[in-house]
Structure formats: C-alpha cells, structure tokens
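Asker: Residue numbers (UniProt numbering): 1 to 202.
Even glycine gets a Cβ: it sits at the ideal position worked out from N, Cα and C.
(1) Reducing DSSP to helix, strand and coil, say where residue 46 ends up.
(2) Three-state secondary structure (DSSP) at residue 90?
(3) With a Cβ-Cβ cutoff of 8 Å, do residue 97 and residue 153 count as a contact?
(4) Per DSSP, residue 67 is paired with what?
(5) Expressed to the nearest angstrom, what Euclidean distance is found between the alpha-carbon atoms of residue 200 and residue 142?
(6) Taking only three categories from DSSP, how would you classify residue 109?
(7) Go ahead and label residue 52 buried or exposed: buried means 16 or more other beta carbons lie within 10 angstroms of its beta carbon, across all protein chains shown.
(8) Could you tell me the distance, in whole angstroms, from the CA atom of residue 131 to the CA atom of residue 71?
(9) Between the region 84-94 and the region 104-119, do three or more beta carbon pairs fall short of 8 Å?
(10) Can you give me the Cβ contacts of residue 82 inside the same chain, cut-off strictly under 7 Å, excluding the 5 residues immediately before and after it?
(11) Could you say which of 78, 123, 158, 171 lies nearest to residue 148 if we only look at CA atoms?
(12) Residue 168 bridges to which residues according to DSSP?
(13) Between residue 58 and residue 26, which are expected to be in contact by the criterion C-beta below 8 Å, what is the C-beta distance as a whole number of angstroms?
(14) Beta-carbon within less than 6 Å of residue 162's beta-carbon, same chain only, minus the 5 sequence neighbours each way: which residues are those?
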C-alpha cells in the first residue's frame with residue numbers, strides 16, 4: 001500500500017479529502033489560476049505517482065483561466081518529463097481552458113474535451129502598476145522578455161497542433177481567440193485536442 005503520510009503535512013481545506021481520494025486513484029484537478037500553489041501541488045503528485053504507483057494512468061481535469069507563465073511552464077515540463085519516462089498522462093478540458101492552460105493541455109499524452117469547453121489562445125502579456133515608473137531601457141527589456149516568453153508558449157501550442165508558429169501568432173495578434181471544441185480540434189492538422197467526449201473517459 002502506498003504511503004500517504006505526505007498528505008498529512010498539508011493544511012486541509014473544505015473538499016480536500018475528496019480531491020485526495022481522487023488523487024489516490026490518479027485523478028488530479030487543476031480548476032483555478034495557474035500559480036505557485038498549483039505548480040507545487042501538481043509536481044508533488046506527479047513525482048508521487050511516478051515513484052510509488054508507476055502503472056496507473058494519470059488524468060488531469062483542467063478548468064483554468066490561465067495564469068503565470070513560469071509556473072505554467074513548470075507544470076508543462078513536469079507532465080512531459082513523466083510522459084517521456086513512459087507514464088501516460090491524459091488531460092480532460094472542461095469549463096474553460098484559457099491562456100497558459102491551453103499550453104499545458106498540449107503536454108498530455110492524449111487531450112480530451114467535454115462538448116462545451118471553451119478554449120482561449122492569446123499572446124503572452126505583462127502588466128505594470130499604474131503608478132510604477134519605468135525607464136526606457138527597462139521598458140525595452142520588458143518587451144523583449146515578453147516576446148521571448150510568447151515565442152516559447154505559442155511554440156508549445158503550435159508544435160502540438162501542427163501549425164506554423166508565425167501563423168498562430170498572426171491569428172492571435174490583435175485579439176483573444178476563443179474556440180469551441182470542434183474549432184479547437186480543427187486548429188492545425190493535430191488540433192488543440194484529440195477527442196470530444198460526452199462520458200467520463202476514465
């Protein structure tokens with residue numbers, strides 16, 4: 001029996017016991033903003049599953065508005081690391097899969113969507129405080145860094161979908177691009193998703 005003592009060090013919130021019961025069966029839930037807490041929690045579960053329960057397929061239920069790029073990339077790399085080690089990690093999108101969450105979905109072994117899930121593709125952006133003073137060089141550096149991160153995130157989406165990066169960037173250049181599951185599946189030869197399901201796939 002796998003040792004579940006590691007969960008005892010976490011502060012339990014309402015509903016956490018149900019989450020942990022699902023996690024013990026390889027079903028993980030990311031249903032909020034992508035931030036440090038989400039990255040830490042999923043990474044902990046990834047490593048736990050890999051070391052102590054190698055044969056179980058991991059399912060991630062993804063319903064997220066997106067969030068911080070660095071933490072999203074950590075989750076993406078964590079999924080790909082385990083997939084490259086032979087682990088099957090599938091993602092089921094529900095509700096909305098937006099921004100950085102769309103990139104994370106591309107890391108899955110297989111990508112599923114419920115019939116009314118909404119997908120958002122847009123370019124990386126950064127904000128500065130209204131009263132924050134920024135020198136010219138700082139502004140240029142911030143723009144360059146945003147462009148660098150944008151190429152990384154958009155590249156992850158473009159590579160999996162099988163669409164040219166330049167074409168994807170042009171598509172999302174001036175506006176948020178919302179796609180329903182049928183449109184998401186038709187974006188590029190491989191799409192943003194592999195299959196639309198109406199039943200629980202696990």
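Answerer: With the given structure in hand:
(1) helix
(2) strand
(3) no
(4) 34
(5) 43 Å
(6) coil
(7) exposed
(8) With a pLDDT of 47 at residue 131, under the threshold of 50, the predicted position of this residue should be treated as unreliable, though the coordinate-derived value follows. Roughly 26 Å separates the two Cα atoms.
(9) yes
(10) 46, 50, 89
(11) 123
(12) DSSP lists no partner for residue 168.
(13) 5 Å
(14) 188, 189, 190
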